[in-house]
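Student: Once you've had a glance at the structure underneath, I'll fire off some questions.
In our numbering, the protein residues as written are 1 to 259.
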């Protein structure tokens, strides 16, 4: 089942970029790469993996096979030692993807962390002052939902949020992990999403505004070079993101300067 879900995720790449979720994802990876180390140094060479670079739970910490230019043999490079790895697609250096080692903390039950961690590699996107991973899940060729990987502030690990959950207080409660020590934010979630449904009015209004602007939104996507079918997918993704976006907006408002 996990393999099926991985394949569904990998079927979709950002319409504006090549190989968003990995290079040679099914046949392993051998490619030119640049590793940006945490000590400020960087090395150019070749990364070589027997399996795909992303999409599998790896031991924490993970070790990549890397050969520096000029070196005779590959060595193992720990995911604990570098910030990112840039992988080049073919000979043209303008086609490259930067992946970040994401240390994910597993759940022992929904929303409750266990003591287990694993490492995977993903691109990061940015919203407000937050960097996180967004994975688009497709089932039978149709967009289903998103999966988000968010950082837990003050730690070196991320948590997973399945966008397929019903958008209600239970989903919002998981978002408390963004910063468990920001009392203003956790209290806001508790008061407006869990103890009441105060959030619904603003959420429904945002959905209504997007729907009213659907034609213009679609035209903008087509103007970027997307096909109508692809534009409809982008609309659905934007629609699904509204609930999360409103929580992220409040998080940035309440926590950015507090902690």
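In this text, a Cβ means the ideal position worked out from N, Cα and C, and glycines have one as well.
In this structure, how does DSSP classify residue 239 when only helix, strand and coil are distinguished?
Tutor: Sequence index remark: in the chain shown, residue 239 carries index 239 (1-based). Residue state, collapsed to three classes: helix.
Student: Please work out which residues of its chain come closer than 8 Å, Cβ to Cβ, to residue 203, disregarding the five sequence neighbours upstream and downstream, and give them in chain order.
Tutor: Taking the first residue of the chain shown as position 1, residue 203 is located at position 203. Cβ within range, chain order: 167, 242, 243 and 246.
Student: Nearest to residue 147 by alpha carbon, out of 73, 30, 124 and 90?
Tutor: Residue numbering aside, residue 147 sits at position 147 when the chain shown is read from its first letter. Of 73, 30, 124 and 90, the residue nearest in Cα terms is 124.
Student: So residue 45 and residue 67 are supposed to be a Cβ contact under 8 Å. How far apart are they, rounded?
Tutor: Taking the chain shown and counting its residues from 1, one reaches residue 45 at position 45. Taking the chain shown and counting its residues from 1, one reaches residue 67 at position 67. Indeed they touch by this definition, with Cβ atoms about 5 Å apart.
Student: Can you find the residues in the same chain that come closer than 6 Å, C-beta to C-beta, to residue 222, ignoring five residues on each side of it along the sequence?
Tutor: In the chain shown, the residue the question calls residue 222 occupies position 222. Closer than 6 Å at Cβ, skipping near neighbours: 231.
Student: Mapping DSSP to helix, strand and coil, what is residue 71?
Tutor: The sequence position of residue 71 within the chain shown is 71, counting from 1. Looking at residue 71 - three-state DSSP - the assignment turns out to be coil, as it is neither helix nor strand.
Student: Which same chain residues end up closer than 6 Å to residue 116 when comparing Cβ atoms and leaving out the 5 residues on each side of it in sequence?
Tutor: Position 116 of the chain shown, counted from the first residue, corresponds to residue 116. Answer for residue 116: 106, listed in chain order.
Student: Tell me, please, which residues DSSP counts as bridged to residue 159.
Tutor: Residue mapping note: residue 159 aligns to position 159 of the chain shown, counting from 1. 150.
Student: Mind checking residue 119: buried by the 16 CB within 10 Å criterion, or exposed?
Tutor: As a working mapping, residue 119 is identified with position 119 in the chain shown. Flag for residue 119 reads buried.
Student: From the DSSP output, read off the bridge partner residues of residue 30.
Tutor: Here residue 30 corresponds to residue number 30 of the chain shown, with the count starting at 1. Answer by DSSP bridge pairing, in chain order: 48.
Student: Using the C-alpha atoms, what's the distance from residue 88 back to residue 260?
Tutor: The chain is shown from 1 up to 259; residue 260 falls before or after that span and cannot be answered.
Student: For a test of the three-state rule: what should DSSP assign to residue 255, helix, strand or coil?
Tutor: Here the question's residue 255 lines up with position 255 in the chain shown. If DSSP states are grouped into helix, strand and coil, residue 255 belongs with the helices.
Student: What are the residues that DSSP puts in a beta bridge with residue 61?
Tutor: Working through the chain shown from its first residue, we reach residue 61 at position 61. Residue 61 is not bridged to any residue.
Student: When the Cα atoms are used, what is the spatial distance from residue 212 to residue 237?
Tutor: Taking the chain shown and counting its residues from 1, one reaches residue 212 at position 212. Taking the chain shown and counting its residues from 1, one reaches residue 237 at position 237. Cα to Cα, the separation comes out at about 16 Å.
Student: Is it a yes or a no for the stretch 189-202 touching the stretch 163-177, going by three-plus beta-carbon pairs under 8 Å?
Tutor: The answer is yes - the stretch 163-177 touches the stretch 189-202, with three or more Cβ pairs under 8 Å.
Student: Measure how close the beta-carbons of residue 36 and residue 84 come, nearest whole angstrom, since I'm counting them as under 8 Å.
Tutor: Taking the chain shown and counting its residues from 1, the one referred to as residue 36 is at position 36. Taking the chain shown and counting its residues from 1, the one referred to as residue 84 is at position 84. Yes, they are in contact, since the Cβ atoms of residue 36 and residue 84 sit about 5 Å apart, within 8 Å.
Student: Using 10 angstroms around the beta-carbon of residue 114, count the other beta-carbons present and answer buried if the total reaches 16, otherwise exposed.
Tutor: For the purposes of this step, residue 114 is identified with residue 114 of the chain shown, where counting begins at 1. Exposed is the call here.
Student: Going by CA-CA distance only, name the one from 93, 151 and 162 that's closest to residue 136.
Tutor: Position 136 of the chain shown holds residue 136. That would be 162, whose Cα lies nearest to the Cα of residue 136.
Student: Return the residue from the list 81, 159 and 57 that minimises the CA-CA distance to residue 43.
Tutor: Position 43 of the chain shown, counted from the first residue, corresponds to residue 43. Ranking the options by Cα distance to residue 43, first place goes to 81.
Student: Can you tell me where the alpha helix (DSSP H) with residue 216 in it begins and where it stops?
Tutor: Locating residue 216 in the chain shown gives position 216, where the first residue counts as 1. 214-223 is the extent of the alpha helix (DSSP H) around residue 216.
Student: Can you check DSSP and say which residues form a bridge with residue 306?
Tutor: This structure cannot speak to residue 306, because the chain is shown only from 1 to 259.
Student: Please classify residue 112 as buried or exposed, where buried requires at least 16 neighbouring CB atoms within 10 angstroms.
Tutor: Position 112 of the chain shown, counting from 1, holds the residue named residue 112. By the neighbour-count rule (16 or more Cβ atoms within 10 Å), residue 112 is not buried but exposed.
Student: Kindly list the residues whose CB is nearer than 7 Å to the CB of residue 38, restricted to its own chain and excluding five residues on each side of it in sequence; keep chain order.
Tutor: In the chain shown, residue 38 corresponds to position 38, counting from 1. The residues are 81, 82 and 83.
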